[in-house]
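A.B. asks: Numbering (my numbering), first residue to last: 1 to 299. From the three backbone atoms N, C-alpha and C, an ideal C-beta is built for every residue, glycine too. Please read these numbers as outputs of a predicted model, since none were measured by experiment.
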Amino acid sequence: MAFINTVLAYFMQFLPKWFVRPFAKPYVAGVKIDEVLDVVKDLNDKGFSATIDILGEFVNDEEEAVKVKNQYSKLIKSIRERNLDSTISVKLTHLGLDLDFTYCKNLMIELTHEAKKFNVGIAIDMENSPYTDSIYKVYSHTVKIFHKIGAVMQAYLRRSFGDLKNLNNSKLVLRICKGIYNEDPSIAIKDKNEINKNFKLLVQTILSGDGYACIATHDIDLINSIERWIHNKNISKNRFEFQVLYGVPMTKTLNKLKSKGYKVTVYVPFGSSWYDYSIRRLNENPKIISYVLKNIFKK
Ligand SMILES: Cc1cc2nc3c(=O)[nH]c(=O)nc-3n(C[C@H](O)[C@H](O)[C@H](O)COP(=O)(O)OP(=O)(O)OC[C@H]3O[C@@H](n4cnc5c(N)ncnc54)[C@H](O)[C@@H]3O)c2cc1C
Numbered sequence: 001m002a003f004i005n006t007v008l009a010y011f012m013q014f015l016p017k018w019f020v021r022p023f024a025k026p027y028v029a030g031v032k033i034d035e036v037l038d039v040v041k042d043l044n045d046k047g048f049s050a051t052i053d054i055l056g057e058f059v060n061d062e063e064e065a066v067k068v069k070n071q072y073s074k075l076i077k078s079i080r081e082r083n084l085d086s087t088i089s090v091k092l093t094h095l096g097l098d099l100d101f102t103y104c105k106n107l108m109i110e111l112t113h114e115a116k117k118f119n120v121g122i123a124i125d126m127e128n129s130p131y132t133d134s135i136y137k138v139y140s141h142t143v144k145i146f147h148k149i150g151a152v153m154q155a156y157l158r159r160s161f162g163d164l165k166n167l168n169n170s171k172l173v174l175r176i177c178k179g180i181y182n183e184d185p186s187i188a189i190k191d192k193n194e195i196n197k198n199f200k201l202l203v204q205t206i207l208s209g210d211g212y213a214c215i216a217t218h219d220i221d222l223i224n225s226i227e228r229w230i231h232n233k234n235i236s237k238n239r240f241e242f243q244v245l246y247g248v249p250m251t252k253t254l255n256k257l258k259s260k261g262y263k264v265t266v267y268v269p270f271g272s273s274w275y276d277y278s279i280r281r282l283n284e285n286p287k288i289i290s291y292v293l294k295n296i297f298k299k
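(1) Measuring only from the beta carbon, is Ile-109 closer than 7 Å to any heavy atom that is part of ligand 1?
(2) If you draw a straight line from the C-alpha of Thr-253 to the C-alpha of Asn-283, how long is it?
(3) Run through DSSP, which three-state label would Arg-175 get?
(4) I need the boundaries of the alpha helix (DSSP H) containing Tyr-72, first residue and last residue.
(5) Can you look up Ser-134 in the DSSP assignment and give me helix, strand or coil?
(6) Should Ile-180 be listed as close to ligand 1, given that the test is whether its C-beta is under 7 Å from any heavy atom?
(7) I want to know whether the region 86–97 touches the region 123–134 - three or more CB-CB distances under 8 Å.
(8) Let me make sure I understand the geometry here. Which of Leu-257, Arg-228, Gly-247, Thr-251 has the alpha-carbon closest to that of Glu-322?
(9) For Phe-199, is the classification buried or exposed, using 16 other Cβ atoms within 10 angstroms of its Cβ as the cut-off for buried?
(10) Do Ala-216 and ligand 2 come close, with the Cβ less than 7 Å from some heavy atom?
(11) If we ignore side chains and look at the alpha-carbon of each, how far apart do Asp-184 and Asn-232 end up?
(12) Flag this pair as touching only if the region 23–30 and the region 65–73 have three or more C-beta atom pairs under 8 Å; answer yes or no.
(13) Kindly list the residues whose CB is nearer than 6 Å to the CB of Leu-43, restricted to its own chain and excluding five residues on each side of it in sequence; keep chain order.
(14) Is Leu-245 near ligand 1, judged by its Cβ being under 7 Å from some heavy atom?
(15) With a threshold of 8 Å between beta-carbons, can Met-108 be considered close to chain D, or not?
(16) Any chance you could list the alpha helix (DSSP H) runs of at least 4 consecutive residues sitting entirely within the region 136–205, in chain order?
(17) Please list the segments of the alpha helix (DSSP H) lying wholly inside the region 18–52, counting only runs of 4 or more residues, in order along the chain.
(18) Have a look at Lys-77, Met-108, Ala-151, Asp-100 and flag the residue whose alpha-carbon is nearest the alpha-carbon of Lys-117.
(19) Give the DSSP-derived three-state secondary structure of Val-7 in the structure shown.
(20) What are the residues that DSSP puts in a beta bridge with Ala-213?
(21) Report buried or exposed for Asp-34, applying the criterion of at least 16 other Cβ atoms within 10 angstroms of its Cβ.
(22) When burial is assigned at 16 or more other CB atoms within 10 Å of the CB, is Phe-19 buried or exposed?
(23) Let me check you understand the geometry: is the CB of Asp-125 closer than 7 Å to at least one non-hydrogen atom of ligand 1?
(24) To the nearest whole angstrom, what separates the beta carbons of Ala-213 and Leu-207, a pair I think is in contact under 8 Å?
(25) For Glu-81 and Asn-119, I'd like the C-alpha separation in whole angstroms.
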């Protein structure tokens, strides 16, 4: 079955959008802003916080980057108007990082001022390794303007522990994830146990200092192991949170974390670029195909 799922996931990218849509639906909170805001309201009502991502990476020109920035501005205002418990997550290549560093940085600065005005936090997502330095540079600049700007660190990158030492400060809000891009073994750890070890080390280092850790993983053993460490060290609940991607089926674990009084945030992607995102999710976890097929046939 696993082999069939993998083959199907690979061929999905050659199929028409209408065919892929049912597989994408659980992972993407719609195309329009109102759809995502309704999903976030529902998550908030169930006791989860959210972070909203407008799907997309890389833009063709500066005009397109401004359009994305304006969409994020609208999102920030709507979050405040509807009094939602949500931050936003931004990919800098979506704001033109690939076109021009300074242009992108200035757009991010504008967005930071708007976020500060409406008191909505921003997480700057981490992308593939050619962008790591530039992303941390923009982060270091914008966090001086608004303390609710957060960064992301990938546990698979060998450089991450060194980066953490450079970033560590009392304002640090850092999401630790394993890392999603296909990086070269010379810069990225490939062994799952080693990645998990580094993940734990990064979280423990943040929590042994003054920072705030966002523990972003669906790996239940890793979650349990970090949770045990946090419990033994008596770390205050306002120093960390757990984060998961919208639609990943792990209700039992999330309810358990919530019942222990921990903050749980759901990363909610939406927007017209749902197709590329979904293909990536399906290739990452071909098991999704059998979950969705089962649901379709149950209905
Ligand atoms: C909130 C959040 C934000 C993230 N932000 C970034 C970022 O900015 N930059 C970046 O490089 N990466 C980001 N990621 C992705 C991350 O780096 C991993 O690639 C991804 O989360 C899979 O790793 P895992 O920790 O869940 O562990 P794994 O060992 O890969 O998976 C653990 C278990 O969860 C299941 N699982 C994992 N992902 C899915 C899925 N999508 N659907 C269904 N089941 C799944 C697996 O099948 C496995 O059983 C983010 C992840 C999360 C949760």
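C.D. replies: Checking against the coordinates, here is how it stands:
(1) Counting from one through the sequence shown, the residue named residue 109 turns up at place 109. Ligand 1 never approaches Ile-109 closely enough for any of its heavy atoms to be under 7 Å from the residue's Cβ.
(2) Within the sequence shown, residue 253 is the residue found at index 253, counting from 1. Within the sequence shown, residue 283 is the residue found at index 283, counting from 1. Here the alpha carbon of Thr-253 sits roughly 24 Å from the alpha carbon of Asn-283.
(3) For this step, residue 175 is matched to residue 175 along the sequence shown. Arg-175: strand per DSSP, three-state reduction.
(4) Within the sequence shown, residue 72 is the residue found at index 72, counting from 1. Tyr-72 -> alpha helix (DSSP H) spans 62–81.
(5) Numbered from its first residue, the sequence shown carries residue 134 at position 134. Three-state result, Ser-134: helix.
(6) Here residue 180 refers to the residue found at position 180 when the sequence shown is read from its first residue. Residue side-chain check: Ile-180 places its Cβ nearer than 7 Å to a non-hydrogen atom of ligand 1.
(7) Output reads yes: the region 123–134 touches the region 86–97.
(8) As shown, the chain starts at 1 and ends at 299. That puts residue 322 outside it, with no answer to give.
(9) As a first step, residue 199 is located in the sequence shown; it is residue number 199 there, counting from the start. So Phe-199 counts as buried.
(10) Ligand 2 is absent from the structure shown, which contains only ligand 1.
(11) The residue labelled residue 184 in the question sits at position 184 within the sequence shown. The residue labelled residue 232 in the question sits at position 232 within the sequence shown. So the two alpha carbons sit approximately 36 Å from each other.
(12) Short answer: they don't touch.
(13) Counted from its first residue, the sequence shown places residue 43 at position 43. So the list reads Ala-50, Val-266, once near-sequence residues are dropped.
(14) Here residue 245 is taken as the residue at index 245 of the sequence shown, counted from 1. In this structure, Leu-245 has its beta carbon less than 7 Å from a heavy atom of ligand 1.
(15) Considering every chain present, this structure includes no chain D. It has just one protein chain.
(16) Counting only runs of 4 or more, we get 160–167.
(17) Scanning the region 18–52 from its first residue to its last, the whole alpha helix (DSSP H) runs of 4-plus residues come out as 33–45.
(18) Reading the sequence shown from its first residue, position 117 is the one you call residue 117. For Lys-117, the nearest C-alpha among the options comes from Lys-77.
(19) Mapped onto the sequence shown, residue 7 falls at position 7. Helix at Val-7.
(20) Counted from its first residue, the sequence shown places residue 213 at position 213. Partner(s): Leu-174, Phe-240.
(21) Residue mapping note: residue 34 aligns to position 34 of the sequence shown, counting from 1. Answer is exposed; the Cβ neighbour count stays below 16.
(22) Along the sequence shown, one-based indexing puts residue 19 at 19. By the Cβ-count criterion, Phe-19 is exposed, with fewer than 16 other Cβ atoms from all chains shown falling within 10 Å of its own Cβ.
(23) Sequence index remark: in the sequence shown, residue 125 carries index 125 (1-based). Inclusion of Asp-125 in the 7 Å shell around ligand 1 follows from its C-beta lying nearer than that to a non-hydrogen atom of the ligand.
(24) As a first step, residue 213 must be located in the sequence shown, where it is residue number 213. As a first step, residue 207 must be located in the sequence shown, where it is residue number 207. About 6 Å separates the two Cβ atoms, so the contact holds.
(25) Residue 81 sits at position 81 when you count from the first residue of the sequence shown. Residue 119 sits at position 119 when you count from the first residue of the sequence shown. Distance between Glu-81 and Asn-119, taken at the CA atoms: about 11 Å.
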